[in-house]
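Peer 1:
Residue numbers (our numbering): 220 to 606.
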């Protein structure tokens, strides 16, 4: 079964919605104008309930089906990134330093397209809960919505989400049962030494050398402290210190990311990093404080729900364009909080050749929006068929 004809009919409307949202990117939990646009469209579609202000600017909308049954949740993220756009498009961001560089404008549009179709046809039993979530990139909006009780409040029994994938065939799908994306943690090391003249290092306690020693030493956690077949990434991404060429500074700062799947590996990294920072600080006679921030947990798909979602994707795009055992990756996603509480699945939707995610020249491919909307719609109709 290809793209649903009715959804194909309003594909031009979806492109218009998406390009409007692209112009007005908003960050973190403060997606108020985006949410206002979403709520306005939902009212036009005639959904049964619209609950606003969840996780500050999130929305849960309810569409009643034809007859009693469970509630299925469909989620789209709404927030953008704090970066400047370089596409030169006529609908480029109108807000300097903010850009939809990850396609959340497209994700929101796909769910709106599904909402319009489902509100018109209602060819399903039970209810569908449309979850428009702020703060995926920063702020953990999914966690906030879960803690504010949306899964229990709306009796959501299972949850699904899509993410666009540049570099994969337009309209293709891929996912995998079980672990799909990693847990993501952030670490900071704040080093304080004794500054002084660059020509008299013996009178200082050099935080620059300590920072270099710590950055190198923590790499041994990956190479020497864990089993090589357990996925682990530890990357130092920032070192800041100093101002001029002839002054040894007083302080230095290190920042980085840790990606894991296994909580035991995560705990090992935390333990070893603490020991290394303390030991290196002692050896360089400086003070060092490790701040380790546990972030989004691993995204783990339910095996049965994923097989079901794959079969729906095959209906929409054809079996030859769907990969159901695509392996896992070290990126992270806060939809993991919803999957911790309810069974469901997260899938990637190919959008063809384009700039990569989080790139200043990235733009969502409007041609795939009807594919994603059709997937969501058929998922509901097949999961909860009318008796």
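For glycine and all other residues, C-beta sits at the position ideal for the given N, C-alpha and C.
So, with DSSP's three-state summary, where would you put residue 398?
Peer 2: Position 179 of the chain shown, counted from the first residue, corresponds to residue 398. Residue state, collapsed to three classes: strand.
Peer 1: For residue 456, I'd like the list of residues in its chain whose CB is within less than 8 Å of its CB, leaving aside the five on either flank, ordered along the chain.
Peer 2: Position 237 of the chain shown holds residue 456. If we look at residue 456 and ignore the five residues flanking it on each side, its Cβ neighbours are 474, 475 and 476.
Peer 1: Could you tell me the distance, in whole angstroms, from the CA atom of residue 258 to the CA atom of residue 555?
Peer 2: Position 39 of the chain shown, counted from the start, is the residue given in the question as residue 258. Position 336 of the chain shown, counted from the start, is the residue given in the question as residue 555. Their backbone Cα atoms lie some 25 Å apart in a straight line.
Peer 1: Please state the DSSP three-state secondary structure of residue 179.
Peer 2: Look at the range of the chain in this structure, 220 to 606, and you will see that residue 179 is not part of it.
Peer 1: So, for residue 249: in the same chain, excluding its five sequence neighbours on each side, which residues have a beta-carbon less than 8 Å away from its beta-carbon?
Peer 2: Taking the first residue of the chain shown as 1, we reach residue 249 at position 30. Around residue 249: 275, 276 and 353.
Peer 1: Are residue 569 and residue 389 closer than 8 Å when you measure CB to CB?
Peer 2: As a first step, residue 569 is located in the chain shown; it is residue number 350 there, counting from the start. As a first step, residue 389 is located in the chain shown; it is residue number 170 there, counting from the start. The answer is yes: Cβ separation under 8 Å.
Peer 1: Excluding five sequence neighbours on each side, which residues of the same chain lie with their C-beta closer than 8 Å to the C-beta of residue 417?
Peer 2: Residue 417 sits at position 198 when you count from the first residue of the chain shown. 464, 465, 466 and 467.
Peer 1: Measuring CA to CA, which of 432, 337, 241 and 427 is closest to residue 265?
Peer 2: Locating residue 265 in the chain shown gives position 46, counting from the first residue. Measuring from the Cα of residue 265, the nearest candidate turns out to be 337.
Peer 1: I'd like the span of the alpha helix (DSSP H) that includes residue 226, first residue to last.
Peer 2: Residue numbering aside, residue 226 sits at position 7 when the chain shown is read from its first letter. Per DSSP, residue 226 belongs to the alpha helix (DSSP H) from 224-228.
Peer 1: Do residue 551 and residue 515 have their C-beta atoms within less than 8 Å of each other?
Peer 2: Along the chain shown, one-based indexing puts residue 551 at 332. Along the chain shown, one-based indexing puts residue 515 at 296. Yes, they are a contact pair.
Peer 1: So the candidates are 243, 340, 225 and 481; which of them puts its Cα closest to the Cα of residue 282?
Peer 2: On the chain shown, residue 282 is found 63 positions in, with the first residue counted as 1. The candidate whose alpha carbon is nearest that of residue 282 is 340.
Peer 1: Buried or exposed, going by whether 16 or more other CB atoms sit within 10 Å of the CB of residue 553?
Peer 2: Working through the chain shown from its first residue, we reach residue 553 at position 334. Buried, because 16 or more other Cβ atoms sit within 10 Å of the Cβ of residue 553.
Peer 1: Given residue 288, which residues of its chain have a CB within under 7 Å of its CB, disregarding the five upstream and five downstream residues?
Peer 2: By 1-based counting over the chain shown, the position of residue 288 is 69. These residues qualify, in order along the chain: 344, 345 and 603.
Peer 1: Leaving aside the five residues before and after residue 296 along the sequence, list all residues of the same chain whose C-beta is less than 6 Å from its C-beta, in chain order.
Peer 2: To locate residue 296, count along the chain shown from 1; it is residue 77. Excluding positions up to five away in sequence, the list reads 323, 326, 352 and 355.
Peer 1: Ignore the nearest five residues each way along the sequence and tell me which others in residue 328's own chain have a CB closer than 6 Å to its CB.
Peer 2: As a working mapping, residue 328 is identified with position 109 in the chain shown. Taken in chain order, the residues that qualify are 233, 236, 237 and 588.
Peer 1: For residue 244, count the other beta carbons within 10 Å of its own beta carbon; 16 or more makes it buried, fewer makes it exposed. Which is it?
Peer 2: Reading the chain shown from its first residue, position 25 is the one you call residue 244. Buried: at least 16 other Cβ atoms inside 10 Å.
Peer 1: May I have the straight-line CA-CA distance separating residue 348 from residue 342, to the nearest angstrom?
Peer 2: Within the chain shown, numbered from 1, the residue matching residue 348 stands at position 129. Within the chain shown, numbered from 1, the residue matching residue 342 stands at position 123. C-alpha separation (whole angstroms): 15 Å.
Peer 1: Considering just the uninterrupted stretch of the alpha helix (DSSP H) at residue 545, what are its terminal residues?
Peer 2: As a first step, residue 545 is located in the chain shown; it is residue number 326 there, counting from the start. It is not in any alpha helix (DSSP H) - residue 545 carries neither H nor E in the DSSP assignment.
Peer 1: What residue does the alpha helix (DSSP H) around residue 607 start on, and which one ends it?
Peer 2: Residue 607 lies beyond the range of the chain shown here (220 to 606); nothing can be said about it.
Peer 1: Could you check what DSSP says for residue 198 in three-state terms: helix, strand or coil?
Peer 2: The first residue shown for the chain is 220 and the last is 606, placing residue 198 beyond what the model contains.
Peer 1: Around the C-beta of residue 394, are 16 or more other C-beta atoms found within 10 angstroms, so that it is buried, or is it exposed?
Peer 2: Stepping through the chain shown from its first residue, residue 394 is reached at position 175. Buried, because 16 or more other Cβ atoms sit within 10 Å of the Cβ of residue 394.
Peer 1: From residue 484 to residue 366, what distance separates their C-alpha atoms?
Peer 2: Numbered from its first residue, the chain shown carries residue 484 at position 265. Numbered from its first residue, the chain shown carries residue 366 at position 147. For residue 484 and residue 366, the distance between alpha carbons rounds to 26 Å.
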